[in-house]
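In this text, residue positions in the sequence shown follow my numbering: the first is -5, and each later residue adds one. Cβ atoms here follow ideal geometry from the backbone N, Cα and C, with glycine treated the same way. Small disclaimer: the values here were computed from a predicted structure and weren't measured.
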Amino acid sequence: MNNFPPGFAHYPLYFDAAQQAELIAAVREGVKGAPFFVPRMPRTGTPMSVVMSNFGELGWVTDKERGYRYDPTHPVSGNPWPAMPKLLMDLWDDVTGYPVQPEACLINWYRDGSKMGAHIDNDEQDAKAPVVSISLGDPAIFRMGGPKRGGPTKGLKLFSGDVVVMAGESRFCYHSVSKVFYGESALVPKGGRINLTMRRVRPS
Ligand SMILES: O=C(O)CCC(=O)C(=O)O
């Protein structure tokens, strides 16, 4: 694969250092009421290596019994998810121009050794809305493939403050995080990488 699929866009250092710190502060505040939980694979119950929380009206959750889904409340506390920070809503408007607001922002925390396997974001009913992804903290290798699992992939090193948009064809392409350069950034107080992934869920 020589190029990224159509609709893929990378905005290096979209957020400056102060904005990155503001987003990390929002995550720390948000997880007070919606603590990081361990997501588990449907059927097997195998834990993923990242831990998760969410911002927004809806949060992406997964467990052994009920599998992948969006839920308006935290799976353990039963609390609603914290509101989406304004910086993220403004980002969505700026980079997507999509006429409808996102409802969910998944918070992935990659600690030492965490990765994310190849997958397509496929639990959203609004198939036209782009996905917007923000990287904070340690750099990582993001890999983008095609619409079929197991095809060739192209790697991109993402740094803190970078934003990726998956729209058009790229919206339904396999992608993964194959490596995190643990300990390279001091932004996340307990270490690692925070990824924020914004999505529109319900049909618009
Ligand atoms: O961590 C990333 O950069 C990608 C996250 C992702 O693909 C997802 O949450 O679906």
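Residue i: CB within 8 angstroms of a non-hydrogen atom of ligand 1
| i | result |
| --- | --- |
| A11 | no |
| H169 | yes |
| F136 | yes |
| D106 | no |
| S154 | no |
| S47 | no |
| S164 | no |
| H201 | One cannot answer for residue 201 here, as it falls past the ends of the chain, which runs -5 to 198. |
Under the three-state DSSP convention, the category residue i falls into
| i | result |
| --- | --- |
| W86 | helix |
| G50 | strand |
| V182 | coil |
| A134 | strand |
| A161 | coil |
| G155 | coil |
| V125 | strand |
| A28 | coil |
| L7 | coil |
Beta-ladder partner(s) of residue i, from DSSP
| i | result |
| --- | --- |
| V45 | W103 |
| N189 | N102, S129 |
Opening and closing residue of the beta strand (DSSP E) in which residue i lies
| i | result |
| --- | --- |
| K173 | 169 to 174 |
| M110 | 110 to 113 |
Residue range of the alpha helix (DSSP H) that includes residue i
| i | result |
| --- | --- |
| R63 | Unbroken run through R63 is the beta strand (DSSP E), 63 to 65; no alpha helix (DSSP H). |
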